[in-house]
Amino acid sequence: MKNLFKKRTPSKKTAQYSARFLANRFPSGRNGKVVYIRPEYHERLLRIVQLTRGEKTTLYSYIDNILEHHFSEFGDDIKDYFSEHFKPIL
1 MKNLFKKRTP SKKTAQYSAR FLANRFPSGR NGKVVYIRPE YHERLLRIVQ LTRGEKTTLY
61 SYIDNILEHH FSEFGDDIKD YFSEHFKPIL
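Heads up, the sequence shown is in my numbering, so the first residue is 1 and it goes up one at a time.
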């Protein structure tokens, strides 16, 4: 009989996701700023963080990791867009 509760071995893709986004670099979000998030996104984000309690990921850290990746991935595009349409932002 197959063990239905056996943990699956994470794939390379899921391991990369976990290392990039679920790393808890900030144990507390108390020094950040308040932002409003759509309720449906907040619910999803909170659920993801709640399921990773073993890694002690905080909501603050998870959102910070997402934003860091976004600016790393699209930073040049953002700069170019604002340079073309408005004035340089950075």
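We treat Cβ as the ideally placed atom computed from N, Cα and C, and that holds for glycine.
R25 sits close to N65, with the two beta carbons spaced by under 9 Å. The count of Cβ pairs closer than 8 Å, one atom from the stretch 33-49 and one from the stretch 76-85, stays below three, leaving the stretches out of contact. S11 and Y17 have their C-alpha atoms some 10 Å from each other.
Scanning its chain for C-beta atoms nearer than 6 Å, with the 5 sequence neighbours on each side dropped, one finds around I89 the residues F82, in chain order.
Contact between I78 and Y62 is ruled out by a C-beta separation of about 21 Å, above the 8 Å threshold. Counting of Cβ neighbours within 10 angstroms places T14 among the exposed residues, the total staying below 16. Residue state for P88 is assigned as coil, using DSSP reduced to three classes.
One thing to note: H69 has its Cβ within 9 Å of the Cβ of R20.
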